[in-house]
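The block underneath contains the structure these notes are about, expressed in structure tokens.
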């Protein structure tokens, strides 16, 4: 449920204040001092600015909550470090120059934080985290760092839980696909570096580059870029909560392109027969229209009721958003298939979250493919259907410059031999091409499977 605009905000004397109920898990931190209610001026009278500041502050607090649940000792240690460092900075600012009666100028330094923070006293109180924070921040004992350092896996988990908490509270959060990449990327990198106990602070940029290179044979360029981006967000999240310091090793790490983002092999007629036979209705229809239209998975599940229209008597399906500029297009379908696809969309056969992320349906199709073929590798997937549709156009003798606009490919460099699109879209001629493709022997062998 979406929160009201002034959630956690209170207006006083023409200025906005943040008023936030502190979760029990983090009330004991020095910054909250056991308080149940945290109040802070946002130093603005503008509501939009106040909302922006509120969301940033609470997002950081939510990260603290996630870390408190995952590793409360680490959170207390980091909070003490921040408190001591602040005390040191303030002490430095209080240094004054005093002129003596004889005209001599001397510098008077106030009592520093060394006296206020005593290791033995902290140990006597049983506050192990404070004692260790004093050892590091004041006495420079670096050997206590690893004791509280966050692992790569813990960092990924904390980031994911923090983002999920935002969603539950109606705040802007990372997309589900990003969270999935963060989880799988952390597992993959951890395994590459020798185990899940790898500390985030020990990950170096060269480690990241070597890891990405090792994935080149099994993961597409886009997947590796997605992994890198997700782990960069994980690192930045930990940096904001002082769980890691230094430079982000996931920024500017090198990725050697393997060329095509992914090359998918076509399904055989036997494999398609097994897929169609084992598929429930939703996946059966998704497979059918992936094959017929050659659309990407995200394009199909992104269709809405207003994606269907008729222009000069030709039934059209309009793709309003896509992977590339060429993806945004309209293509024709025979009336019966157009109506069947429209009913699937209107009937919400393929429900998706607001993000329109196809990952869930991609996973479902992958499981169906594995159950039908007994193969789990990445050489064949939903995108194979797109390649099969394009192959059907080729085998039906449809020129490439005719096929390209239908399936959302660019036409740059193609010879416009028939001049079909020199004046824009000629949907009636495109429809002829689609019907010819559907009637071809290559496509017919697959379409017959859906009629059984």
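In full-length UniProt numbering, the protein residues as written are 1 to 452. Glycine included, each C-beta is placed from N, C-alpha and C at the ideal position.
Roughly how far, in whole angstroms, is the beta-carbon of residue i from the beta-carbon of residue j, given that I think they are within contact range, below 8 Å?
{"i": "residue 149", "j": "residue 201", "result": "5 Å"}
{"i": "residue 308", "j": "residue 338", "result": "7 Å"}
{"i": "residue 454", "j": "residue 405", "result": "Because the chain is modelled from 1 through 452, residue 454 falls outside the range shown and cannot be assessed."}
Check whether the Cβ atoms of residue i and residue j sit closer than 8 Å, and answer yes or no.
{"i": "residue 316", "j": "residue 393", "result": "no"}
{"i": "residue 181", "j": "residue 140", "result": "no"}
{"i": "residue 271", "j": "residue 372", "result": "yes"}
{"i": "residue 190", "j": "residue 147", "result": "no"}
{"i": "residue 297", "j": "residue 364", "result": "no"}
{"i": "residue 382", "j": "residue 276", "result": "no"}
{"i": "residue 228", "j": "residue 192", "result": "no"}
{"i": "residue 303", "j": "residue 244", "result": "no"}
{"i": "residue 83", "j": "residue 23", "result": "no"}
{"i": "residue 215", "j": "residue 178", "result": "no"}
Mapping the DSSP letters down to three states, classify residue i as helix, strand or coil.
{"i": "residue 433", "result": "helix"}
{"i": "residue 311", "result": "strand"}
{"i": "residue 37", "result": "strand"}
{"i": "residue 348", "result": "coil"}
{"i": "residue 398", "result": "coil"}
{"i": "residue 199", "result": "strand"}
{"i": "residue 167", "result": "helix"}
{"i": "residue 392", "result": "helix"}
{"i": "residue 9", "result": "strand"}
{"i": "residue 303", "result": "coil"}
Can you tell me the Cα-Cα spacing of residue i and residue j, whole angstroms?
{"i": "residue 13", "j": "residue 88", "result": "34 Å"}
{"i": "residue 351", "j": "residue 281", "result": "13 Å"}
{"i": "residue 213", "j": "residue 18", "result": "46 Å"}
{"i": "residue 367", "j": "residue 124", "result": "57 Å"}
{"i": "residue 388", "j": "residue 286", "result": "15 Å"}
{"i": "residue 442", "j": "residue 222", "result": "31 Å"}
{"i": "residue 430", "j": "residue 291", "result": "17 Å"}
{"i": "residue 407", "j": "residue 327", "result": "8 Å"}
{"i": "residue 142", "j": "residue 85", "result": "15 Å"}
{"i": "residue 49", "j": "residue 301", "result": "36 Å"}
{"i": "residue 247", "j": "residue 241", "result": "15 Å"}
{"i": "residue 332", "j": "residue 294", "result": "12 Å"}
{"i": "residue 453", "j": "residue 90", "result": "Examination of residue 453 is not possible in this model, given that the chain is present from 1 through 452 alone."}
{"i": "residue 267", "j": "residue 46", "result": "58 Å"}
{"i": "residue 44", "j": "residue 264", "result": "54 Å"}
{"i": "residue 175", "j": "residue 54", "result": "21 Å"}
{"i": "residue 4", "j": "residue 51", "result": "11 Å"}
{"i": "residue 61", "j": "residue 76", "result": "14 Å"}
Within 10 angstroms of the Cβ of residue i, are there 16 or more other Cβ atoms? Answer buried if so, exposed if not.
{"i": "residue 355", "result": "Residue confidence is low: residue 355 scores 47 on pLDDT, short of 50, so the model does not pin down where it sits. No coordinate-derived value is stated."}
{"i": "residue 188", "result": "buried"}
{"i": "residue 380", "result": "buried"}
{"i": "residue 163", "result": "buried"}
{"i": "residue 132", "result": "buried"}
{"i": "residue 452", "result": "exposed"}
{"i": "residue 415", "result": "For residue 415, the predicted structure reports a pLDDT of 40, less than 50, and the residue's modelled location is therefore unreliable. A value from the coordinates is still provided. Looking at its Cβ environment, which holds fewer than 16 other Cβ atoms inside 10 Å, residue 415 is exposed."}
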